[in-house]
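Here's the structure, in C-alpha cells; my notes come after.
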Amino acid sequence: MYDGSEFARRGVVFVSLNYRLGALGWLAHPEMNAESPDGISGNYGLLDQIAALEWVSDNISVFGGDPANVTVMGESAGALSLTYLLTSPKAEGLFQKAIIESPNSRNFPELGRAAYGARPAEEIGASTLSAMGFSSLESAREATAQEITDKAGLAGFIPQGTIDGEVLPSQIIDSFDGGAFANVPVLAGFNSGEVRSQRLFLPRKPDDYEAAIVARYGALSNDVLALYPRADVDASMLATLRDGIYGWATERIVRRETEADQPAFMYVFDYCYPSAEKADLCAFHASELPFVFGALDPDKLSPNWPVPDGEHDHVVSRALLDYWTSFAATGQPESISGPVWPVYGGDQAYLNIGQELEVGNNPMPGMFELHEELVRQRKAAGAPWFLNIGLGAPPLE
C-alpha cells in the first residue's frame, strides 16, 4: 500500500488498493475453467483491481472525489497492471487518465492453446499445483494462503495475466496495435538505470561480445551493435536490458496513445544523488517513487534504500508532485519550478528528470525501432519476447 498523504495535501483524493498476488491472483486451471460460467480462469488479481475501480466509481464522491476524473497510477508490476486495464473491456470507462512508471511488454500464456513458446495457461496451472504437491484443486483449497504463495514460488510459477478472450481478449501488443485500448491521456516513463538493481537478469559477460551479438541477431546485429557497442560491454548489457524491458514498452504506449489523438507525456528519470551514486544505483528501478510520493525521510524507505538527503532532492520531489498531481487533475502536467512539459507528439518530446529538469527530443534514437523489429520477428516466428533480449536472447532464425 502506498502512502498518498502528500497527494492528499495537494487536494487529490488518493486511493491505494490491494489485490490478490502470486498463484492466488493469477493461476489458471482446468477445474476452475469448468467452474466458471464463462469457461475461463486466471486474472483474479486484475479482477480485484477492476472491482476496486468500480468501488471508486460508485463511492468516491462521498469522499470528495470525482468519479468522472479518475487517474490510475502504477509502477513496475503496477505499470504492467495498467496495460491490462487499458486493454480490458471490463475496465472500460472506469478511469480517465493513466500514469505509467516503468512498464514492460511481454507475451502472455493463453487459455486453450500454446502460444509464443508458452503452454496453455490452464496446463501451466495444473502442472504448478502438481509441483506444489497437490493432487487436485480441491486439495489445494485446503491449504493456507501462505502455503499456496510459498509453494507456488518454489514451483517457479510466474504471476502474470492470462489471455482468456474475456478479461484480456488478446495479447496486449495486439490490442494496442489493433486500437483496442482505452483512449486516455497518459504520463509514462522509465529510469535510465533501471536494471542496476536487477542484475540477476543479466547473463554472463561473454568473452567476445560482438560475436555473441552476431550469433543472436544475424542481419540485425549491426543495428544492435550501433546502439549497444562493444566499447563498453558492461554499459551496453545494462542498456540493452533497460530498453528491451522498459524503454521500448514505455515509448510504445506513448506512441499508440499519440496515434489515437490523446495527450501523451513521456519522461526519463535520470536523477542521481550521492548515496545512490556510491552504491552504483543511479536512477535504479523504482528510485523515482520516493520523489513522486514526497517520501524522502529514511523512516519511509526500505532499510537498504539509498537515502536522498539533500535540499535539491526535495526540490526535485516537489516538482514531480506538481507534475503528477496536475496531470491527475487536468491531464496536463505542470510545475512552477520546472519547464513546460510538451506532449510527445511528432517531435518525440520528453522530460528528462536529471539534476535539472529539461525538455528534450527522441531520448534514445533508434531504440524503439530496433526493439519493435526484434519483437516483430520473434512474434512472426511464434517465439516469446520479454527477457530474451540482448545477450540473453536465443538466435533469431
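For the sequence shown, position 264 matches number 264 in UniProt numbering, and the numbering has no gaps at all.
Cβ atoms here follow ideal geometry from the backbone N, Cα and C, with glycine treated the same way.
(message) Just to confirm the assignment, what range does the alpha helix (DSSP H) spanning residue 25 have?
(response) 22-26
(request) Under the assumption that residue 87 contacts residue 175 (Cβ atoms under 8 Å), give the Cβ distance between them as a whole number of angstroms. (result) 4 Å
(message) Using CA atoms only, rank isn't needed, just tell me which of 103, 185, 307, 291 is closest to residue 400.
(response) Residue 400 lies beyond the stretch modelled for the chain, which goes from 1 to 397, so this question has no answer here.
(request) Pull up the distance between the alpha-carbon of residue 321 and that of residue 43, whole angstroms please. (result) 32 Å
(request) Please name the residue or residues paired with residue 267 in a DSSP beta bridge. (result) 189, 351
(request) Report yes or no: do three or more beta-carbon pairs, one from the segment 54-62 and one from the segment 145-153, lie closer than 8 Å? (result) no
(message) Restricting to runs no shorter than 3 residues, where is the beta strand (DSSP E) found entirely within the segment 201-262?
(response) none
(request) Helix, strand or coil for residue 315, going by three-state DSSP, please let me know. (result) helix
(message) What residue range does the alpha helix (DSSP H) around residue 94 cover?
(response) From DSSP, residue 94 is part of no alpha helix (DSSP H); its letter is neither H nor E.
(request) Evaluate the contact criterion for the segment 22-38 versus the segment 79-93: three or more CB pairs, one atom per stretch, below 8 Å. (result) no
(message) Applying the 10 Å Cβ sphere with the 16-neighbour rule, what's the burial state of residue 104?
(response) buried
(message) Taking the beta carbon of residue 164 as the centre, do at least 16 other beta carbons fall within 10 Å, making it buried, or is it exposed?
(response) buried
(request) Can you give me the start and stop residues for the alpha helix (DSSP H) that residue 83 sits inside? (result) 77-87
(request) Give the straight-line distance between the Cα atoms of residue 187 and residue 341, rounded to the nearest whole angstrom. (result) 11 Å
(request) Look at residue 238 and residue 128 and say whether their C-beta atoms are less than 8 Å apart. (result) no
(request) Below 8 Å on the Cβ atoms is my guess for residue 217 versus residue 382; work out the distance and round it to an integer in Å. (result) Not confirmed; about 18 Å, so no contact.
(request) Give the DSSP-derived three-state secondary structure of residue 101 in the structure shown. (result) strand
(request) Just the C-alpha distance for residue 344 and residue 65, rounded to the nearest angstrom, thanks. (result) 29 Å
(request) Give the DSSP-derived three-state secondary structure of residue 74 in the structure shown. (result) strand
(request) Pull up the distance between the alpha-carbon of residue 252 and that of residue 23, whole angstroms please. (result) 29 Å
(request) Apply the 10 Å Cβ neighbour rule to residue 359 and answer buried if 16 or more other Cβ atoms are within range, or exposed otherwise. (result) exposed
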